[in-house]
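A.B. asks:
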Amino acid sequence: MSAADTYHEAENRAPQILAVSYTILSIVILSIVGRFYSRRHLLRAIHIEDWLALLACVNLTIYVILYTFMTTLKFGHHTSAIPASNLKKLFLLSACSRLLYPPTIALIRISVLLFMRRLCPHVCVHIAVAVLIILNILFSIISVLLMVLRCYPIAFFSSNEIGSQGTKCLVDDSTVALAIPITSTSIHVLMYFVPVFTVLRVSFLGWGQKAAAVGLFTAGHVATMLSLYRLPAVKRLHNGVDPMWNAASVAQWTVYETGVSIILASTPSLWALLSNTMKKCGYWSTAEYEPKSPGSPETDWERASSRFPTRPVSMVTVPLGARRTPRDSYEELFLGTGVDAEEPRGSGRV
Numbered sequence: 001m002s003a004a005d006t007y008h009e010a011e012n013r014a015p016q017i018l019a020v021s022y023t024i025l026s027i028v029i030l031s032i033v034g035r036f037y038s039r040r041h042l043l044r045a046i047h048i049e050d051w052l053a054l055l056a057c058v059n060l061t062i063y064v065i066l067y068t069f070m071t072t073l074k075f076g077h078h079t080s081a082i083p084a085s086n087l088k089k090l091f092l093l094s095a096c097s098r099l100l101y102p103p104t105i106a107l108i109r110i111s112v113l114l115f116m117r118r119l120c121p122h123v124c125v126h127i128a129v130a131v132l133i134i135l136n137i138l139f140s141i142i143s144v145l146l147m148v149l150r151c152y153p154i155a156f157f158s159s160n161e162i163g164s165q166g167t168k169c170l171v172d173d174s175t176v177a178l179a180i181p182i183t184s185t186s187i188h189v190l191m192y193f194v195p196v197f198t199v200l201r202v203s204f205l206g207w208g209q210k211a212a213a214v215g216l217f218t219a220g221h222v223a224t225m226l227s228l229y230r231l232p233a234v235k236r237l238h239n240g241v242d243p244m245w246n247a248a249s250v251a252q253w254t255v256y257e258t259g260v261s262i263i264l265a266s267t268p269s270l271w272a273l274l275s276n277t278m279k280k281c282g283y284w285s286t287a288e289y290e291p292k293s294p295g296s297p298e299t300d301w302e303r304a305s306s307r308f309p310t311r312p313v314s315m316v317t318v319p320l321g322a323r324r325t326p327r328d329s330y331e332e333l334f335l336g337t338g339v340d341a342e343e344p345r346g347s348g349r350v
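Mapped onto the UniProt record's numbering, the consecutive letters of the sequence shown carry residue numbers 1 to 350.
As structure tokens, then:
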């Protein structure tokens, strides 16, 4: 055996896969815990989008468990270095991980869309959100069905999937594999316009605050870039050369995209928690707190605190068209405590 062949067999992406997977998963779990803590103690309510984010976190955990078990079967090595007895198991586990991708990404996006719907009472936003939710559900269902049922007899869970040996296929596997992330990226781009329009329609924010809010709510589109970076790895996987080695690269990018999407989807709640914590610690104070005597101007502490009003929310009834004050702006945006359009006209929540 030549030195080149020895090096080829010794190459191993398993340590990198495990390091990336466990690091991302740890950050995701912390972000989900922070999200639920923020919702429970600041908003005093947990909504369906929070549970969807938790379910996406569970799917990511299943990803990591699958990849961990696959590395014990030499996943991350070149295909030629993997024993034939392990390949069948690896193809089965790899197929299961592929099936998890569309539902997980769809759950994250639906979570963001439901938050936006609850935040903004405008009918046009509700229509856009409903259309995008339907698109995400269809994307998830159709993607899974295409992957499983595109060939007869079904060969998706066996090693015969590479090359489709002995099967009749309606669509080439590489076409399906590329169409799924491309469609997912397109939905990401369409979702960009919902938070932009939502924030711009909020009347009580200045343009500086609107720009900051748009930047925060659209930060999740970093996941769009990760989805684009994932495409070349998917294309290499289905070129018929060294599939297990290329599958390891796809696995890393899948964890990146899924994990970062969950973290960024939780950013508004985490920002509210961070702001509230900093305010309590006196981070925003520019001077030591001094008790104010009657009739004296407000202190720097009070002026700073009023800019970041992430205090626990009290539920009161206000007219549907009532104008919000700037003091409530960050609460409503980051915690989603604006008027819920589903409530009867003449009542709402702040």
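The beta-carbon is built from N, C-alpha and C at its ideal position, and this holds for glycine as well.
With DSSP run on the structure shown, which of helix, strand or coil describes N160?
C.D. replies: Locating residue 160 in the sequence shown gives position 160, counting from the first residue. Bear in mind that a pLDDT of 47 at N160, under 50, signals an unreliable position, so the number given afterwards is only what the model happens to contain. In this structure, N160 counts as helix in the three-state DSSP scheme.
A.B. asks: For S111, which residues in the same chain have their Cβ closer than 6 Å to its Cβ, ignoring the five residues on either side in sequence?
C.D. replies: Stepping through the sequence shown from its first residue, residue 111 is reached at position 111. So the qualifying residues of the chain are E49, L52, A53, A265.
A.B. asks: How many whole angstroms separate the CB atoms of P102 and V129, which I take to be in contact at a CB cut-off of 8 Å?
C.D. replies: As a working note, residue 102 is residue 102 in the sequence shown. As a working note, residue 129 is residue 129 in the sequence shown. That pair is no contact at about 20 Å.
A.B. asks: CA-CA distance, T254 and H126?
C.D. replies: Along the sequence shown, read from residue 1 onward, the residue named residue 254 stands at position 254. Along the sequence shown, read from residue 1 onward, the residue named residue 126 stands at position 126. Spanning the two alpha carbons is a distance of roughly 30 Å.
A.B. asks: Going by C-alpha distance, which of L270, E257, V196 is nearest L25?
C.D. replies: As a first step, residue 25 must be located in the sequence shown, where it is residue number 25. Measuring from the Cα of L25, the nearest candidate turns out to be E257.
A.B. asks: Since A56 contacts I108 with CB under 8 Å, what's their CB separation in whole angstroms?
C.D. replies: For this step, residue 56 is matched to residue 56 along the sequence shown. For this step, residue 108 is matched to residue 108 along the sequence shown. At roughly 5 Å, the Cβ-Cβ gap stays under 8 Å, so A56 and I108 are in contact.
A.B. asks: How many angstroms separate the CA atom of V171 from the CA atom of C151?
C.D. replies: The residue you call residue 171 lines up with position 171 of the sequence shown. The residue you call residue 151 lines up with position 151 of the sequence shown. Taking the straight line joining both Cα atoms gives about 8 Å.
A.B. asks: Around the C-beta of H41, are 16 or more other C-beta atoms found within 10 angstroms, so that it is buried, or is it exposed?
C.D. replies: Sequence index remark: in the sequence shown, residue 41 carries index 41 (1-based). It counts as exposed.
A.B. asks: Determine the burial state of S261: buried for a count of at least 16 other Cβ atoms within 10 Å of its Cβ, exposed for fewer.
C.D. replies: Position 261 of the sequence shown, counted from the first residue, corresponds to residue 261. With 16 or more other Cβ atoms within 10 Å, it is buried.
A.B. asks: Name the residue from V214, A211, F139, K210 whose alpha carbon lies nearest to the alpha carbon of T185.
C.D. replies: As a first step, residue 185 must be located in the sequence shown, where it is residue number 185. The shortest C-alpha separation from T185 is found at F139.
A.B. asks: Where do the ends of the alpha helix (DSSP H) carrying E257 lie?
C.D. replies: Locating residue 257 in the sequence shown gives position 257, counting from the first residue. Looking at the DSSP string, the run of the alpha helix (DSSP H) that includes E257 is 243 to 265.
A.B. asks: I think Y67 touches I17, with their Cβ atoms under 8 Å apart; what is that distance to the nearest whole Å?
C.D. replies: Looking up residue 67 in the sequence shown gives position 67. Looking up residue 17 in the sequence shown gives position 17. Between I17 and Y67 the Cβ distance is about 6 Å, and since that is below 8 Å, they are a contact.
A.B. asks: How is H77 classed by DSSP in three states: helix, strand or coil?
C.D. replies: Taking the first residue of the sequence shown as position 1, residue 77 is located at position 77. The answer is strand: DSSP assigns H77 an E or B state.
A.B. asks: Taking DSSP as the reference, what is the three-state secondary structure of Y152?
C.D. replies: Here the question's residue 152 lines up with position 152 in the sequence shown. Y152 falls in the strand class under three-state DSSP.
A.B. asks: Using only the heavy atoms of the ligand PLP, determine whether one of them is closer than 7 Å to the beta carbon of M147.
C.D. replies: Because no ligand of any kind appears in the structure shown, any question about the ligand PLP cannot be addressed here.
A.B. asks: Using only alpha-carbon positions, find the residue among A272, W245, S31 that is nearest to H77.
C.D. replies: Residue 77 sits at position 77 when you count from the first residue of the sequence shown. With distances taken between Cα atoms, H77 lies closest to W245.
A.B. asks: Between which two residues does the alpha helix (DSSP H) containing P181 stretch?
C.D. replies: For the purposes of this step, residue 181 is taken as the residue at position 181 of the sequence shown. Element bounds for P181: 173 to 191.
A.B. asks: Do you know how far the Cα of M278 is from the Cα of Y22?
C.D. replies: Here residue 22 is taken as the residue at index 22 of the sequence shown, counted from 1. Here residue 278 is taken as the residue at index 278 of the sequence shown, counted from 1. One C-alpha to the other measures close to 29 Å.
A.B. asks: Looking at L132: is its Cβ nearer than 8 Å to the Cβ of V194?
C.D. replies: One-based indexing of the sequence shown puts residue 132 at position 132. One-based indexing of the sequence shown puts residue 194 at position 194. Yes, these two residues count as a Cβ contact at 8 Å.
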